[in-house]
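Shown next, in structure tokens, is the structure this report addresses.
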Amino acid sequence: MTKKIVFITGANKGIGYEVARQLAAQEFIVLLGARDPQRGTAAAQKLIALGEVHFVPIDVADEQSIAAAAEMVSKQWGKVDVLVNNAGICPELSANIRPAALELTMLKETFETNLFGAVAVIHHFLPLLKQSETAQIINVSSTLGSSASMVDPNNMYYGANLLAYNASKSALNAVSVAFAKDLASEQIRVNSITPGWVKTDLGTDAAYLTVEQGAAIIVKLATMENLPTGKFLDDNGEVPW
Numbered sequence: 000m001t002k003k004i005v006f007i008t009g010a011n012k013g014i015g016y017e018v019a020r021q022l023a024a025q026e027f028i029v030l031l032g033a034r035d036p037q038r039g040t041a042a043a044q045k046l047i048a049l050g051e052v053h054f055v056p057i058d059v060a061d062e063q064s065i066a067a068a069a070e071m072v073s074k075q076w077g078k079v080d081v082l083v084n085n086a087g088i089c090p091e092l093s094a095n096i097r098p099a100a101l102e103l104t105m106l107k108e109t110f111e112t113n114l115f116g117a118v119a120v121i122h123h124f125l126p127l128l129k130q131s132e133t134a135q136i137i138n139v140s141s142t143l144g145s146s147a148s149m150v151d152p153n154n155m156y157y158g159a160n161l162l163a164y165n166a167s168k169s170a171l172n173a174v175s176v177a178f179a180k181d182l183a184s185e186q187i188r189v190n191s192i193t194p195g196w197v198k199t200d201l202g203t204d205a206a207y208l209t210v211e212q213g214a215a216i217i218v219k220l221a222t223m224e225n226l227p228t229g230k231f232l233d234d235n236g237e238v239p240w
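Structure, rendered in structure tokens:
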């Protein structure tokens with residue numbers, strides 16, 4: 000049986016690394032995308048004992064870097080079965096910046112990675128996805144991108160009023176819907192997922208989920224048959240938009 004190939008952005012740590020670890024153990028060829036060559040190489044080397052893992056340099060805020068990564072994958076592997084847009088930033092959280100005080104520079108920086116980068120990755124990797132018979136795109140969003148959740152005072156995430164991050168993830172959800180509709184005739188499935196509040200550098204130690212729990216929905220989609228498309232999902236099912 001031909002092994003499936005998964006490409007994961009931002010995979011040298013956190014949820015991306017855990018997804019790489021689990022899928023390597025399930026006999027995927029894992030292409031571990033990361034911006035920092037030293038960290039990316041080190042992360043891939045840690046996983047080699049589990050299966051076939053390769054580091055692919057990529058900076059999702061740099062379209063030339065994205066194009067170079069797609070070219071490298073094309074030359075060496077020829078296709079991608081699962082694309083996981085995982086890379087993301089939230090600089091306003093650590094800086095504790097209220098929406099009214101957020102400068103456009105930080106808003107643009109956040110969208111450059113969380114939204115424009117994800118779209119650019121899809122564009123450049125789409126020819127590789129079209130070489131797969133079971134292609135899918137998994138966009139790692141957030142419950143904070145759910146407008147329904149953010150206006151509900153009873154929702155546990157209601158107080159996380161992060162203008163740039165939340166808006167970028169809401170926009171990423173809209174991107175998932177648009178691509179799901181556009182690529183349906185080519186049988187390429189596109190979904191947004193939310194891992195929940197996970198203990199990562201971004202989620203902090205205050206989070207209640209482990210990286211293993213956060214990665215679960217991505218691994219589930221990557222390995223399941225009869226995939227849905229155009230959905231916003233967590234490990235328990237559909238999440239309101």
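Numbering-wise, the sequence shown is residues 0 to 240 according to numbering that gives the first Met the number 0.
Yeah, the Cβ is synthetic: ideal placement off N, Cα and C, and Gly gets one too.
Span of the beta strand (DSSP E) around residue i
| i | result |
| --- | --- |
| Ala33 | 28–33 |
| Gln135 | 135–139 |
| Ser191 | 188–192 |
| Asp233 | 231–233 |
| Pro56 | 52–56 |
| Ile249 | For the chain, the structure presents residues 0 to 240; residue 249 sits outside this window and is missing. |
| Leu171 | Per DSSP, Leu171 belongs to no beta strand (DSSP E); it is in the alpha helix (DSSP H), 162–181. |
| Val118 | Per DSSP, Val118 belongs to no beta strand (DSSP E); it is in the alpha helix (DSSP H), 117–128. |
| Leu82 | 81–84 |
Check whether residue i and residue j have beta carbons under 9 Å apart
| i | j | result |
| --- | --- | --- |
| Ile136 | Arg188 | yes |
| Pro244 | Ala86 | With the chain covering only 0 through 240, there is no way to say anything about residue 244. |
| Lys168 | Asn113 | yes |
| Val79 | Gln21 | no |
| Val59 | Ala117 | yes |
| Leu143 | Ala119 | no |
| Lys3 | Ile28 | yes |
| Gln186 | Ala221 | no |
| Val150 | Thr193 | no |
| Val72 | Val5 | no |
| Thr228 | Ala179 | yes |
| His123 | Glu211 | no |
| Val247 | Gly39 | The structure shown does not extend to residue 247, since the chain is modelled only from 0 through 240, so no value can be given for it. |
| Ser64 | Arg34 | yes |
CB-CB length for residue i against residue j, believed under 8 Å
| i | j | result |
| --- | --- | --- |
| Asn190 | Lys230 | 5 Å |
| Val81 | Asn138 | In fact, because the Cβ distance is near 12 Å, the residues do not count as touching under 8 Å. |
| Leu92 | Leu161 | 6 Å |
| Trp240 | Ser145 | 6 Å |
| Ile14 | Gly32 | Not quite, the Cβ-Cβ distance comes to about 13 Å (not below 8 Å), so this is no contact. |
| Ile216 | Asp233 | 6 Å |
Residue i classed as buried or exposed, judged by whether at least 16 other C-beta atoms fall within 10 angstroms
| i | result |
| --- | --- |
| Asn11 | buried |
| Ala214 | buried |
| Met104 | Correcting the residue identity first, residue 104 is Thr in this sequence and not Met. Exposed, since its Cβ has fewer than 16 Cβ neighbours within 10 Å. |
| Asn95 | exposed |
| Tyr16 | buried |
| Ile47 | exposed |
| Ala177 | exposed |
| Gly77 | exposed |
| Ala43 | buried |
| Ser184 | exposed |
| Thr199 | buried |
| Asn153 | exposed |
| Ala147 | exposed |
| Ala41 | exposed |
| Asn225 | exposed |
Opening and closing residue of the alpha helix (DSSP H) in which residue i lies
| i | result |
| --- | --- |
| Ile217 | 210–222 |
| Val18 | 13–24 |
| Val150 | Looking at the DSSP string, Val150 is not in any alpha helix (DSSP H), and its letter there is neither H nor E. |
| Glu111 | Element bounds for Glu111: n/a, residue is neither H nor E. |
CB contact check: residue i to chain D, cutoff 9 Å
| i | result |
| --- | --- |
| Asp58 | No chain D appears in the structure shown, which is made up of a single protein chain. |
* Would you be able to state if there are at least three C-beta pairs under 8 Å between the region 31–51 and the region 102–110? => Three or more beta-carbon pairs separated by less than 8 Å are not found between the region 102–110 and the region 31–51, which leaves the two stretches without contact.
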